[in-house]
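Worksheet for the structure shown next.
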Amino acid sequence: MKKDLLLRLVSRAIAFTPVLMLSVIMMGTTVKAWAGGVALGATRVIYPQGDKQVSLPVNNSSASNVFLIQSWVANADGTKSADFVVTPPLFVIHPKNENVLRIMYVGPALPTDRESVFYLNSKAIPSVDKHKLQGNVLQIATQSVIKLFIRPANLPSSSVDAPAAMRCHLENGHVTLFNPSPYYISLVELYIGNVKQTNTMVPPKGSLILNAPGDGRVKFETVNDFGADTPSQTCTSR
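Everything in the sequence shown is counted per the numbering used here, starting at 6 for the first residue and increasing by one.
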């Protein structure tokens, strides 16, 4: 039965917490992979500080596959945070169906002059119908990780204005990116000179130091509250 097999998979899957986990079960000769069907309703969560909870939909667009969903919140270092309650932490989602995660912060007081960041993890473990198995089966459990920002009320500026406020300073072959705003700035399509850099994030009221090939000119896009990339802009080092 699908339900019985799902429960057997739970004990294996819960122990794994990397960003992407592959759970492989070999059962014959041919290989079949379930790689998708489940999607979170956003690419980031903005949690207004002081609110009791925020919600996030989980959708299964597959026409036939059933998934077991396991969700939790991690700290920036990847360790599971005890300061959040996610309900339901474990549930089965059927084809063409939707469920809602409710995320509650229950930890100590956080800074009120800047955002705090955590990471919501959601693992989708596909079910296997043993009566339909023919040969070897490669089962892939995918894990989505999205940013969870806790945002204090009444911050002095808007998150929309934060990227334009970023400053750059070139010195001794390095460029320092200064973020004077109270918001995290997520950088994508980041170039220093003509060299593309790894996507990164500059903390609020903080800085980030990177190697500076070429003339040190910084070009970047950012990701806004809705998960969309903003127009490209430059920050000339000085």
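Backbone N, C-alpha and C define an ideal beta-carbon position, used for all residues, glycine too. Bear in mind that the values here come from a model prediction, so they are computed numbers and not experimental data.
Check                                                                                                                                                                        : Outcome
Which residues bound the alpha helix (DSSP H) around proline 93?                                                                                                             : Counting along the chain, proline 93 falls outside any alpha helix (DSSP H), and DSSP gives it neither H nor E.
Please report the distance separating the alpha-carbon of isoleucine 108 from that of alanine 44.                                                                            : 17 Å
What number of angstroms, rounded off, separates the C-alpha of valine 50 from the C-alpha of serine 69?                                                                     : 29 Å
Any chance you could list the alpha helix (DSSP H) runs of at least 4 consecutive residues sitting entirely within the region 162-221, in chain order?                       : 167-170
On the premise that alanine 217 lies in contact with leucine 175, defined as a C-beta separation below 8 Å, what is that separation, rounded to the nearest angstrom?        : 6 Å
Between serine 149 and alanine 170, how many whole angstroms is the CB-CB distance? I'm expecting something under 8 Å.                                                       : Contact doesn't hold; Cβ gap of about 30 Å is too wide.
Tell me whether the beta-carbon of valine 90 lies closer than 8 Å to the beta-carbon of valine 111.                                                                          : yes
Cα separation between phenylalanine 231 and serine 163?                                                                                                                      : 14 Å
Determine the direct distance from the alpha carbon of glycine 219 to that of valine 200, and round the result to whole angstroms.                                           : 8 Å
On the DSSP letters alone, give me the boundaries of the beta strand (DSSP E) that alanine 68 sits inside.                                                                   : Per DSSP, alanine 68 belongs to no beta strand (DSSP E) and is neither H nor E.
I need the DSSP call for isoleucine 145, collapsed to helix, strand or coil.                                                                                                 : coil
In terms of residues, what are the limits of the beta strand (DSSP E) holding leucine 225?                                                                                   : Sequence check: residue 225 is phenylalanine here, not leucine. First-last of the beta strand (DSSP E) with phenylalanine 225: 223-227.
If we count the other Cβ atoms within 10 Å of its Cβ and call it buried at 16 or more, is valine 165 buried or exposed?                                                      : exposed
By the three-class DSSP mapping on this structure, what secondary structure does serine 28 have?                                                                             : With a pLDDT of 36 at serine 28, under the threshold of 50, the modelled position of this residue cannot be trusted; read the value that follows with caution. Reduced to three states, the DSSP call for serine 28 is coil.
Please indicate yes or no: does the CB of proline 131 lie closer than 7 Å to some heavy atom of the ligand MN?                                                               : Judged by which ligands are present, the structure shown has none, so any question about the ligand MN falls away.
For valine 105, count neighbouring C-beta atoms within 10 Å of its own C-beta (all shown protein chains included) and say buried if the count is 16 or more, exposed if not. : exposed
Can the beta-carbon of serine 127 be found less than 8 Å from the beta-carbon of serine 66?                                                                                  : no
In terms of DSSP beta bridges, what is proline 62 paired with?                                                                                                               : Val105
Tell me which residues share the same chain as histidine 179 and place their Cβ nearer than 7 Å to its Cβ, disregarding the 5 neighbours each side in the sequence.          : Ile214, Leu215, Asn216, Ala217
Between which two residues does the beta strand (DSSP E) carrying glutamine 251 extend?                                                                                      : Nothing about residue 251 can be read from this structure; the chain reaches only from 6 to 243.
Could you give the distance in angstroms between the alpha-carbon of alanine 87 and the alpha-carbon of alanine 114?                                                         : 14 Å
Roughly how many angstroms separate the alpha carbons of tryptophan 39 and isoleucine 145, rounded to a whole number?                                                        : A caution first: tryptophan 39 carries a pLDDT of 36, below 50, which makes its placement in the model unreliable, though a value can still be read off. Approximately 6 Å between the Cα atoms of the pair.
Using the Cα positions of threonine 117 and proline 208, report the straight-line distance between them to the nearest angstrom.                                             : 15 Å
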